[in-house]
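In my numbering, the protein residues as written are 7 to 564.
As structure tokens, then:
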């Protein structure tokens, strides 16, 4: 089932890429619109199939995306029909606008659901970037498009609305990039889809400013965005797009600060480019001064970010060390090269090594099997993007030369700025394993004689019968009890009775074959399992040895 789904996703990607390439290569016309229709329909099917297959926790955004793609399919089919009939296609622009509205709202819903932990800071950052982009968009795109557009008021309005949708996509993209959470493949698919739709709007607006669209470029970019939207729904990580995000991940990073600086200087740069020195030197001086002030403020914040990050890292490291130094378990940090960069002092009491020795020799000495499992666990943790801890069991050599049983838990904390490593917690479970083995032995062995008990005897008998069915060999069971054992107990006491049972058990174990099982069923009852007996005389000979062994005189109580 999983392989079939992977083949289906691969076929979708190949088909979508070929159709987009076909649309880009052919000129505007009916053939291009047919390709456009095919891609939008394919993306709609992909979203529907992905939602049904992965069953995300939140369905609202995906339903909106499906409705938007459905409007796009209807508009594309209508466009082909109108072209064939020679009708005016302008009214179909409303359907495309509806498709745009639903797709933008769907993308915004996904980013809002996954970023609700960002609070006021994230909202203000998105507003800053959107406002700065809006200034550039209005001055260089919207106003020239409105002034240069011809035809009816509806046509001019549609020509202006598309750039405004581009502004909405800027807000969506900012919300997406400024958010936290793991950068899973579905996240990148969604971001690429929004970026392609934004690029299509910009190219469309530039074409409108020059009078017409020179090629199918904007349409091809839109189709590419639709293909990536479908790929987002098909990928298994699409269910994590709406997961709750840690508030700590919404920190002001340096790339984010650069984006805010670019949006802040948009207004003075626009004034400088549009007016220049045509109205005197005052306006350029004010614009350049504003850019300089914004730059200096951002530079100051840049330095503060570095200082704050260092102080925060030192505080976290101090807190981390204070916690782990008093832990009984051994805690180690492993970097990307599988090198141990830190090990707690508890390694001294747990395994007898000094921390400096462990760091110098690259880790604790492990047996070959444990070392292989550890490398596999580290690879698994990295490829799984740290979703769940990885647990493993192995053997560690103590400083005294003996082997210890150990359990390890690996947690990916590479995205944590205070740690930035994989955390490995190791615990010595030798005593626990020995206790488990003792309890297991007691559960399946007689406490007095040390022989297997009834439960273990029945299990081995069942296994012997299974083997007999496979190779047609003989399987036999000998039962015996001790005559007048109660008389021994009553006359000599239970201690002498116990000594008698032990001696009988030892004699029975001495005369059977290595593969036979001698068990004490209870009281004075014993049983012998004889598996894989090739002929009856083997069982008869064993029975004779048993009778001879228990018939030998036994002296009790001196």
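Heads up, the beta-carbon is just placed ideally off N, CA and C, and yes, glycines get one too.
Please read these numbers as outputs of a predicted model, since none were measured by experiment.
Looking at the structure shown, is residue i part of a helix, part of a strand, or coil, going by DSSP?
i: residue 453; result: coil
i: residue 22; result: helix
i: residue 359; result: coil
i: residue 559; result: coil
i: residue 370; result: coil
i: residue 528; result: strand
i: residue 547; result: helix
i: residue 504; result: helix
i: residue 293; result: helix
i: residue 344; result: coil
i: residue 131; result: helix
i: residue 210; result: helix
i: residue 541; result: coil
i: residue 92; result: coil
i: residue 143; result: helix
i: residue 514; result: helix
i: residue 248; result: coil
i: residue 11; result: helix
i: residue 333; result: coil
i: residue 241; result: coil
i: residue 275; result: helix
i: residue 499; result: coil
i: residue 190; result: coil
Consider the Cβ of residue i: report whether some Cβ of chain B lies at a distance smaller than 9 Å.
i: residue 149; result: The structure shown contains no chain B; it holds only a single protein chain.
Are residue i and residue j touching if we call contact CB-CB under 9 Å?
i: residue 511; j: residue 532; result: yes
i: residue 145; j: residue 280; result: yes
i: residue 450; j: residue 535; result: no
i: residue 539; j: residue 482; result: yes
i: residue 566; j: residue 496; result: Residue 566 lies beyond the residue range present for the chain, which begins at 7 and ends at 564; the question has no answer from this structure.
i: residue 54; j: residue 79; result: no
i: residue 339; j: residue 428; result: yes
i: residue 83; j: residue 248; result: no
i: residue 365; j: residue 380; result: no
i: residue 223; j: residue 30; result: yes
i: residue 190; j: residue 262; result: no
i: residue 57; j: residue 239; result: yes
i: residue 41; j: residue 237; result: no
i: residue 514; j: residue 561; result: no
i: residue 276; j: residue 234; result: no
i: residue 395; j: residue 416; result: yes
i: residue 170; j: residue 182; result: no
i: residue 264; j: residue 304; result: yes
i: residue 358; j: residue 406; result: yes
i: residue 475; j: residue 537; result: no
i: residue 98; j: residue 85; result: yes
i: residue 18; j: residue 48; result: yes
i: residue 96; j: residue 225; result: no
i: residue 360; j: residue 420; result: no
i: residue 504; j: residue 454; result: yes
i: residue 484; j: residue 547; result: no
i: residue 346; j: residue 368; result: yes
i: residue 184; j: residue 132; result: yes
In the DSSP output, which residue or residues are listed as bridge partners for residue i?
i: residue 338; result: 349 and 430
i: residue 523; result: 535
i: residue 74; result: In the DSSP output, where bridge partners are listed per residue, residue 74 has none listed.
Point to revise | Whole alpha helix (DSSP H) elements within the stretch 24-69, 4-residue minimum | key: 36-60
**Study point:** Whole runs of the alpha helix (DSSP H) within the stretch 456-488, excluding any shorter than 4 residues
**Key:** 460-477
Practice item. Inspect the CB distances between the stretch 132-149 and the stretch 169-177 and report whether three or more fall short of 8 Å. Key: yes
Review point. Is there contact here, the stretch 102-113 with the stretch 66-75, by at least three beta-carbon pairs under 8 Å?
Key: yes
Review point. For the stretch 223-233 against the stretch 8-27, are there 3 or more C-beta pairs whose distance is under 8 Å?
Key: yes
Practice item. Would you list, in sequence order, the uninterrupted beta strand (DSSP E) runs of no fewer than 3 residues that lie entirely inside the stretch 376-447? Key: 396-403, 409-419 and 427-434
Exercise for review: Could you tell me whether the stretch 461-470 touches the stretch 513-531, where touching means 3 or more Cβ pairs closer than 8 Å?
Suggested key: yes
Exercise for review: Could you tell me whether the stretch 425-440 touches the stretch 333-344, where touching means 3 or more Cβ pairs closer than 8 Å?
Suggested key: yes
Exercise for review: Take every Cβ of the stretch 452-463, pair it with every Cβ of the stretch 352-364, and state whether three or more of those distances are shorter than 8 Å.
Suggested key: no
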